[in-house]
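Going by this note's numbering, the sequence shown opens with residue 3, and the numbers climb by one from there.
Note that CB positions come from ideal geometry on N, CA and C, so glycine has one too.
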Amino acid sequence: MAGLHKRNGTWHLRMRVPRRYLDVAGRSEIHRSLRTDSERRARELLPAAEAQILRDLEVMRALTPEMSDTVDQLAAASHIAANEGFLYRPVAELVTAPLDELLNRFAAVERHGGDPTVAKAVLGGVEQTGLRLSQFAAADEQLAAFDNRFKNPNQMRVWRNAKIRAASNLRAALDGADILVEDIDHAVALRHRAWWKRRVAAEGLAIESANKEFANLAGMLRRYYENIARPNPPEPYRRVSLRDRHNDENRKLEISTDWIVEKWFAPGAFDNLNAEARDILLISIETGCRQSEIHDLPPEAIVLDAAIPHILVANSDGAHRREIKNTASKRKVPLVGVALAAARRNPNGFPRYRGKGGYSGNVNGRLRTSGLFPSPEHTIGGLRHSWESRMEAFRVSETEKGHMMGHSIKKIRGRPVYGDDVTLEKRHEIAQQLSLPVPDHLA
């Protein structure tokens, strides 16, 4: 377990090296500056810094000879090289590299006292070939470490399982063959698609699941080829997808405003929900936010003492690390009506659900048991569409709707975006127009 100590006015992490990493670390204790003089900020940064050190130690351990049969060394070498500011390149390529690059790489090795693990990674000492499908998901996690740096443990679990499932299903489509990653060509991708067609027809599975899997494998292959700097890399999953003219559009059904006011705002309607679950739901009614954008809020993202109370949807690190869906999702969301009342009851957020899965499933089940959905097909996910329809009814412009919803304005306009965002004041004005009466028992 890491601890804190202050040195020359700056807080540092100090942790004992776990026994399994002593050989690769070459020391029994690690110190790392957290680059802050604030103890509160240092405590927020500590868990992520400790986790990063453990990941780095695991990568270094992966490059030891005794681990070569079980861990993808190329992904480990790439991780170490990236930490030193270099793209991993095999030694055969480095012999023709510019002199300045070679000198910089040797300088990096020298900074680490000639550490053979760093030298192997920075100077291209790992054989590139040999990564097999069974190793692909683990290697991809290393390659995507930077992109995933804001994901909390639950988000990482979901991300990791999708990659493991994609690689596993591809092997199943190939009758269990553990082929080399570089042998995944368009013919292999077409076999994968045919395998999914049979499953969709026989088991009634959603074609969206197949298309997500094809996209996952395309992303994994892109990262792999970027990592080995392969020119003109193949794109075996390009234009590989499933379409079904008999398939209805999978759109979540809206919860009407009348239903919300008459059924959900009735006294006792939410008696079978705990207080946090109820208040997350109330905030989603008056903001149109995704459930995860609400229940994963870190305390500092709930701003109640401003002229316009609001929540900040953004990536965050530290003790309450979380990743939002995409760049367009970053936004300030004004709080009005039952959402403002709910936020005031939970000024530090929702620790029962923060960073965990299962909120939507649990609440959907309880509301369905209580007869609080218009039909069996409705879910709380429909609230986001309800919010958009309420804006349409008030003739809110497409651009303003996009900003309120966290949608890409570039896609909405079909061209590059110029000018400022919609101000918080304007967002608040729109939200107030749409706000519903607040019942006394939910105030």
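Tell me the rounded alpha-carbon separation between residue i and residue j.
i           : j           : result
residue 313 : residue 54  : 28 Å
residue 354 : residue 348 : 11 Å
residue 38  : residue 95  : 40 Å
residue 371 : residue 274 : 9 Å
residue 72  : residue 47  : Reliability of the predicted coordinates at residue 72 is poor, the pLDDT of 37 falling under 50, and no value is obtained from them.
residue 391 : residue 293 : 18 Å
residue 70  : residue 427 : Residue confidence for residue 70 is low, a pLDDT of 49 falling below 50, so the modelled location carries little weight; the figure read from the coordinates is stated next. Residue 70 and residue 427: Cα-Cα distance of roughly 58 Å.
residue 186 : residue 366 : 40 Å
residue 441 : residue 352 : 22 Å
residue 262 : residue 377 : 14 Å
residue 385 : residue 137 : 40 Å
residue 402 : residue 332 : 14 Å
residue 188 : residue 364 : 41 Å
residue 154 : residue 192 : 34 Å
residue 212 : residue 28  : 46 Å
residue 307 : residue 408 : 23 Å
residue 238 : residue 190 : 8 Å
residue 322 : residue 299 : 8 Å
residue 198 : residue 20  : 44 Å
residue 283 : residue 328 : 22 Å
residue 11  : residue 382 : 49 Å
What is the DSSP secondary structure of residue i, reduced to helix, strand or coil?
i           : result
residue 412 : helix
residue 403 : helix
residue 182 : strand
residue 160 : helix
residue 35  : strand
residue 255 : coil
residue 49  : helix
residue 12  : strand
residue 378 : coil
residue 292 : coil
residue 304 : strand
residue 71  : Below a pLDDT of 50, predicted positions are generally treated as unreliable, and residue 71, at 42, falls in that range; the measurement from the model is reported next regardless. Looking at residue 71 - three-state DSSP - the assignment turns out to be coil, as it is neither helix nor strand.
residue 114 : coil
residue 151 : coil
residue 232 : coil
residue 427 : helix
Would you mind working out which of the options sits nearest residue i, comparing C-alpha positions?
i           : options           : result
residue 7   : 44, 49, 403       : 44
residue 160 : 369, 360, 434     : 360
residue 444 : 290, 266, 301     : 266
residue 221 : 231, 240, 50      : 240
residue 399 : 334, 415, 191     : 415
residue 114 : 101, 82, 139      : 82
residue 296 : 368, 336, 257     : 336
residue 303 : 91, 345, 215      : 345
residue 183 : 277, 315, 168     : 168
residue 111 : 133, 135, 85, 134 : 85
residue 202 : 258, 246, 334     : 246
Within 6 Å: the Cβ of residue i and any heavy atom of the ligand MG?
i           : result
residue 220 : By its list of ligands, the structure shown contains no ligand whatsoever, and the ligand MG lies outside what it can speak to.
Can you give the beta carbon distance from residue i to residue j, rounded, assuming they're within the 8 Å contact cut?
i           : j           : result
residue 310 : residue 430 : 5 Å
residue 150 : residue 357 : That belief does not hold up - the Cβ atoms of residue 150 and residue 357 are roughly 14 Å apart, past 8 Å.
residue 487 : residue 145 : This structure leaves residue 487 out entirely; the chain is present only between 3 and 445.
residue 341 : residue 326 : Not really, about 18 Å apart at Cβ, beyond 8 Å.
Sequence ranges, alpha helix (DSSP H) only - wholly within the region 330–383, length at least 4: Complete alpha helix (DSSP H) runs here, min 4: 339–347, 361–371.
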